[in-house]
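Take a look at the structure below.
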Amino acid sequence: MLDIKFIRENPKLLQKACKDKNFLVDIDKLLELDAFITLKQRELESLQLERNQKSKQIPQVSPQEREVLKDEVTEIKKQMGDLEGPLREKKEEFDELMLYVPQPAREDVPVGKDDSHNVEIMTYGKIRDFDFEPKDHITLGKDLDIIDFERGAKLSGSRSYVLKKEGTLLEHAVLQFAMDMLEERGFTPMSVPILVNEDVMKGTGYFPLGREQAYCVEKDNMALIGTSEVPLCSYHSDEILDESVLPLRYMAKTACFRREAGTYGKDTKGLYRVHQFNKVEMVVIARHDKEESERLHEEILKNAEDLLKALELPYRKVYVCTGDLGQGQVRKHDLETWMPSRKAYSETHSCSTFYDYQSRRLKMRYKDKEDGKNKLTYTLNNTACATPRILIPLLENHQEKDGRVRIPECLRKYMGGRTHIG
RNA sequence: GGAGAGAUGGCUGAGUGGCCGAAAGCACCACCUUGCUAAGGUGGCGAGUGGGUAACUGCUCCGAGGGUUCGAAUCCCUCUCUCUCCGCCA
3 MLDIKFIREN PKLLQKACKD KNFLVDIDKL LELDAFITLK QRELESLQLE
53 RNQKSKQIPQ VSPQEREVLK DEVTEIKKQM GDLEGPLREK KEEFDELMLY
103 VPQPAREDVP VGKDDSHNVE IMTYGKIRDF DFEPKDHITL GKDLDIIDFE
153 RGAKLSGSRS YVLKKEGTLL EHAVLQFAMD MLEERGFTPM SVPILVNEDV
203 MKGTGYFPLG REQAYCVEKD NMALIGTSEV PLCSYHSDEI LDESVLPLRY
253 MAKTACFRRE AGTYGKDTKG LYRVHQFNKV EMVVIARHDK EESERLHEEI
303 LKNAEDLLKA LELPYRKVYV CTGDLGQGQV RKHDLETWMP SRKAYSETHS
353 CSTFYDYQSR RLKMRYKDKE DGKNKLTYTL NNTACATPRI LIPLLENHQE
403 KDGRVRIPEC LRKYMGGRTH IG
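Residues in the first sequence are numbered consecutively from 3, following this note's numbering.
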């Protein structure tokens with residue numbers, strides 16, 4: 003959520019942001035509501051003042067005067083009542099609308115319609131030139147008997163899968179490797195709920211706009227998270243933190259759930275786009291400082307890059323354009339890992355800066371030592387490692403002519419010393 | 001699932017109708033002290049949002065939402081959450 007003051011002062015900028023990010027919000031309507039509320043609020047407050055003053059006098063005056071004052075207060079209350087109804091209605095409308103306003107992208111973010119306009123920044127690693135016909139991960143999974151799509155579908159329908167044997171071990175290995183690496187780099191490991199309430203989904207910006215993407219447990223008014231960013235960011239909601247604890251670096255490995263509504267027919271095969279997956283996520287909660295936020299963005303981005311390097315996977319880094327940014331995101335870098343079967347770099351990591359967008363919704367603040375004021379924190383997050391998607395490049399890039407798959411050095415200690423699958 | 005207790009400022013915790021946005025302690029900040037020294041003293045210090053250059057000041061907020069009352073942290077109703085005991089159980 004944005005500061006209404008900022009919107010008042012920059013209506014044009016907001017309109018442009020809505021257009022660039024492709025979010026339809028009626029900013030004029032919002033400002034109209036705001037003006038109405040501000041005006042009526044003041045009227046109401048002056049009536050409240052009058053009421054309070056008269057009420058305070060009552061115990062001090064004579065019984066006759068008391069009755070007069072009571073009548074006066076009753077009259078004031080009637081006037082207040084006339085104001086309160088419409089004011090509340092407009093406020094509700096305003097609050098709801100505010101939840102849909104996107105945060106403008108940083109100035110250097112390329113303007114573009116969708117991910118096809120993302121800008122490549124760099125590539126790392128050499129794309130392998132196979133001297134045999136490489137298999138895709140689906141075939142590899144079947145041949146090595148480590149992925150079972152048929153029975154996955156039997157249990158849970160489309161976009162489901164079962165990992166088995168070394169498939170499971172590889173998944174655990176790569177996730178554990180990511181956690182170990184992050185712990186070494188100062189991230190606090192957390193185990194958090196994956197079933198959360200509405201406030202938490204709203205606070206992190208996934209509701210109301212992303213409601214269609216979430217599995218909701220309506221009976222209990224809860225939702226399954228699509229990423230552990232949700233509980234990690236919300237961990238300190240409604241709190242005023244001590245500045246000295248910032249920046250907080252958190253990580254969690256959780257199951258994640260996405261309905262993938264609106265992606266019918268897209269990436270339907272294999273492990274690329276699935277309803278349930280596991281992810282190690284990094285979340286940083288920082289001071290209200292854009293420069294520091296930028297440094298932290300680079301830091302968590304580098305963590306993910308180092309992970310891909312350790313996994314010996316070629317990747318590229320793209321600067322995500324406005325049209326591919328989320329509602330609250332100011333800027334985002336995706337890491338796309340080379341996937342031979344797709345003959346393309348495809349997204350495996352997503353590193354985002356939010357400034358105070360989430361914190362304002364979450365009411366997450368800290369006391370600034372300099373001026374003693376309470377300020378909203380800044381939040382950032384990045385994927386450390388998401389399975390099974392990362393298994394695609396791992397299996398496909400590291401396959402060998404004899405049908406086996408080489409396990410990268412860094413994962414071997416997590417797989418009982420195995421050097422190969424198969 | 002059954003029975004009971006509770007929810008107050010960064011924390012602990014008083015407060016059962018106006019003198020309460022709220023005692024006290026802790027923490028924190030400023031200054032003073034510097035041989036009771038991981039101390040002592042004085043003062044400041046809840047959140048949000050308006051008005052004012054400022055001094056200052058209005059309004060709202062004591063889990064959430066309703067109600068009673070001229071007036072509610074305090075009384076009534078509903079909900080949520082927490083704790084204790086019993087039951088069930090990974």
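Where a beta carbon is used, it is the ideal one built from N, C-alpha and C, also for glycine.
No experiment lies behind these values; they were computed from the predicted model shown.
Check whether residue i and residue j have beta carbons under 8 Å apart
i, j, result
"residue 385", "residue 263", "no"
"residue 397", "residue 139", "yes"
"residue 17", "residue 6", "no"
"residue 426", "residue 285", "Past the boundaries of the shown model lies residue 426; the chain is included only from 3 to 424, so the question cannot be answered."
"residue 142", "residue 401", "yes"
"residue 236", "residue 206", "yes"
"residue 357", "residue 332", "yes"
"residue 197", "residue 157", "no"
"residue 59", "residue 71", "yes"
"residue 148", "residue 169", "yes"
"residue 175", "residue 393", "no"
"residue 33", "residue 85", "no"
"residue 299", "residue 379", "no"
"residue 27", "residue 103", "yes"
"residue 261", "residue 269", "no"
"residue 184", "residue 253", "yes"
"residue 101", "residue 210", "yes"
"residue 181", "residue 320", "no"
"residue 44", "residue 78", "no"
"residue 279", "residue 350", "no"
"residue 251", "residue 188", "yes"
Status (buried if at least 16 other CB within 10 Å, exposed otherwise) for residue i
i, result
"residue 327", "buried"
"residue 317", "buried"
"residue 359", "buried"
"residue 257", "exposed"
"residue 124", "exposed"
"residue 265", "exposed"
"residue 354", "buried"
"residue 272", "buried"
"residue 427", "There is simply no residue 427 to check, as the chain begins at 3 and stops at 424 in what is shown."
"residue 13", "exposed"
"residue 90", "exposed"
"residue 51", "exposed"
"residue 329", "buried"
"residue 120", "buried"
"residue 39", "buried"
"residue 338", "buried"
"residue 154", "buried"
"residue 41", "exposed"
"residue 219", "exposed"
Limits of the beta strand (DSSP E) - the one that residue i falls within
i, result
"residue 410", "Careful: residue 410 lies outside any beta strand (DSSP E) and carries neither H nor E."
"residue 255", "250-259"
"residue 279", "278-288"
"residue 15", "Taken as a continuous stretch (DSSP letters only), residue 15 belongs to no beta strand (DSSP E), being part of the alpha helix (DSSP H) at 13-23."
"residue 225", "224-226"
"residue 319", "317-321"
"residue 125", "121-126"
"residue 338", "333-341"
"residue 243", "242-244"
"residue 368", "367-369"
Distance between beta carbons of residue j and residue i, contact taken as under 8 Å
i, j, result
"residue 335", "residue 313", "With a Cβ gap of about 18 Å, residue 335 and residue 313 do not count as contacting."
"residue 162", "residue 277", "6 Å"
"residue 287", "residue 381", "6 Å"
"residue 387", "residue 171", "Not a contact, Cβ separation roughly 15 Å."
"residue 110", "residue 325", "So it is not a contact: roughly 16 Å between Cβ atoms."
"residue 19", "residue 107", "7 Å"
"residue 134", "residue 403", "5 Å"
"residue 406", "residue 424", "4 Å"
"residue 246", "residue 366", "Not really, about 16 Å apart at Cβ, beyond 8 Å."
N-terminal and C-terminal residue of the alpha helix (DSSP H) that residue i is part of
i, result
"residue 170", "168-186"
"residue 308", "292-312"
"residue 140", "139-145"
"residue 359", "359-364"
"residue 94", "65-100"
"residue 30", "29-59"
"residue 157", "151-158"
"residue 236", "231-236"
>> Extract the residue ranges of the alpha helix (DSSP H) inside the region 379-420, only unbroken runs of 4 or more that lie entirely within it.
In response: Runs of the alpha helix (DSSP H) inside the region 379-420: 393-399 and 411-414.
Can you list the beta strand (DSSP E) stretches of 3 or more residues lying completely in the region 187-221, in chain order?
-> Whole beta strand (DSSP E) segments, 3+ residues: 190-192 and 197-199.
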